[in-house]
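Note that the sequence shown covers residues 1069 to 1396 in my numbering. A short write-up of the structure that comes next.
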Amino acid sequence: ISGTVLSKMALMNDTGQGITEFVITGFNSVENPKPVGYVILITYSLILVANSTIICIIAMDKRLHSPMYFFICNLAFVDILYSTSVSPTMIMILIADEKRISTKLCISQMYVNHLMLAMEAFAISLMAYDRWVAISIPLRYNSILTKNKVITLTAASWMLGAALFGILAGIASNLPYCYTFLKYAFCDYGALVRAACVNPDDYFVVSTTIVFFVLFAPFAFIIFSYYKIIYSVMKISSKTNRKKMFNTCFSHLIVAACFYTPQFVAIILTRGALVLTLTQRNILFIGANLGPSLVNPFVYCLRTKEIRKKHVAFIRNEKNMYCLISLS
């Protein structure tokens, strides 16, 4: 550590005063912040309504209490938390011009956001496992994906994600911060490390290792699952049955593509030779956070017959209730 850094740390220790809040400056270059804020607010509202509707439909209908719908429900819950981890902060910055955030809240936001990144990947891989068993071993589906096993797999994925990103939260909590300004749109590990009086390269090794595992281990499992699915489907002689089998996987493929495409683009662009401007980086990471959470519930509403029927019935019931209230 350089002499300057040591003197700063010594001053902080002697006075007992450390940095207690950050100022998020990632949107300073936005010319019309309020319209952008309202777009994010509308997007966030749609995410909450759409995913909550999916959860309610599945929870209220016992016929949908199967492994596939449990995993869809888990994904919807993850999407709500994923968007909630960053959207309120960005809305406050853009609409209310409130850029300050306490260090503890910032670290908590970082932890939840990164944990939901892991859970999104784990949830999609669990859904791939469900499709693999359903298509490749249909006769043993109920015996393999029992209620206890489904709950155990889901709980294990949450515990693994919480433990992995708990490491990063622990590191961030013990960093000696020297700078109050965060250049990004919301709190993440990279922004916090760059605000500390440390060599960021040393701290990025741990985060890169964790994120690489969280993204690529589930991705490899998804690829393996679809290899087994394709192998099983190709053995089916009827073209009609083949088409039906592939159609059951199409929704999941869209969800996987919506999540992994922006993540891979972000990795390639930020780790490659191309240098992104602050605005370009923020757009990319905001899209990667909010895009999948918005798309996923609509994919399953439109592509899953049982959910689509229940969703239409739900809307009709709401309209009927409104008409009865109006008449009364």
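Note that beta-carbon positions come from the ideal geometry of N, C-alpha and C, so glycine has one too. All of these numbers come straight from a predicted model, not from anything done at the bench.
Bridge-paired residues (DSSP) for residue i
i: Ser1225; result: Per DSSP, none; premise fails for Ser1225.
i: Ile1092; result: Leu1250
i: Arg1168; result: Val1091
i: Tyr1057; result: The question about residue 1057 has no answer, for the chain in this structure spans 1069 to 1396.
Classification of residue i by the beta-carbon crowding that lies within 10 angstroms, buried from 16 upward
i: Ile1235; result: exposed
i: Met1302; result: exposed
i: Ser1153; result: buried
i: Val1117; result: exposed
i: Lys1167; result: buried
i: Pro1365; result: buried
i: Asp1165; result: exposed
i: Glu1188; result: buried
i: Thr1222; result: buried
i: Phe1318; result: exposed
i: Asp1198; result: buried
i: Ser1211; result: exposed
i: Thr1088; result: exposed
i: Ile1108; result: buried
i: Ile1110; result: exposed
i: Ile1122; result: buried
i: Met1158; result: buried
i: Leu1079; result: With a pLDDT of only 39 at Leu1079, under 50, the local geometry of the prediction cannot be trusted, and the value read off the model is given with reservation. Label assigned to Leu1079: exposed.
i: Thr1277; result: exposed
i: Thr1171; result: buried
i: Ala1288; result: exposed
i: His1320; result: buried
Below-9 Å beta-carbon distance, residue i vs any chain B residue
i: Leu1149; result: Included in the structure is just one protein chain, with no chain B present.
Proximity of residue i and residue j at Cβ, strictly below 9 Å
i: Ser1397; j: Ser1204; result: Since the first residue shown for the chain is 1069 and the last is 1396, residue 1397 is missing from the structure and cannot be characterised.
i: Pro1286; j: Val1218; result: no
i: Thr1093; j: Phe1249; result: yes
i: Tyr1245; j: Gly1086; result: yes
i: Met1313; j: Ile1322; result: no
i: Ile1126; j: Tyr1112; result: no
i: Pro1268; j: Val1274; result: no
i: Ser1293; j: Trp1200; result: yes
i: Ala1191; j: Leu1143; result: yes
i: Gly1258; j: Leu1183; result: no
i: Tyr1024; j: Ala1231; result: Since the displayed the chain opens at 1069 and closes at 1396, residue 1024 lies outside it and no answer follows.
i: Ala1237; j: Phe1090; result: no
i: Tyr1150; j: Asn1357; result: yes
i: Phe1353; j: Asp1256; result: yes
i: Asn1350; j: Tyr1252; result: yes
i: Thr1308; j: Ala1202; result: no
Extent of the continuous alpha helix (DSSP H) to which residue i belongs
i: Arg1262; result: 1257-1262
i: Glu1188; result: 1171-1204
i: Val1154; result: Per DSSP, Val1154 belongs to no alpha helix (DSSP H) and is neither H nor E.
i: Gly1105; result: 1101-1128
i: Ser1211; result: 1209-1212
Cβ distance (whole Å) where residue i is taken to contact residue j below 8 Å
i: Phe1095; j: Gln1177; result: No, Phe1095 and Gln1177 are not in contact; Cβ-Cβ is about 16 Å, not under 8 Å.
i: Ile1140; j: Asn1119; result: Not quite, the Cβ-Cβ distance comes to about 10 Å (not below 8 Å), so this is no contact.
i: Ile1290; j: Ala1196; result: 4 Å
i: Pro1419; j: Leu1162; result: This structure leaves residue 1419 out entirely; the chain is present only between 1069 and 1396.
i: Ala1186; j: Val1282; result: 4 Å
i: Val1279; j: Leu1243; result: Contact doesn't hold; Cβ gap of about 18 Å is too wide.
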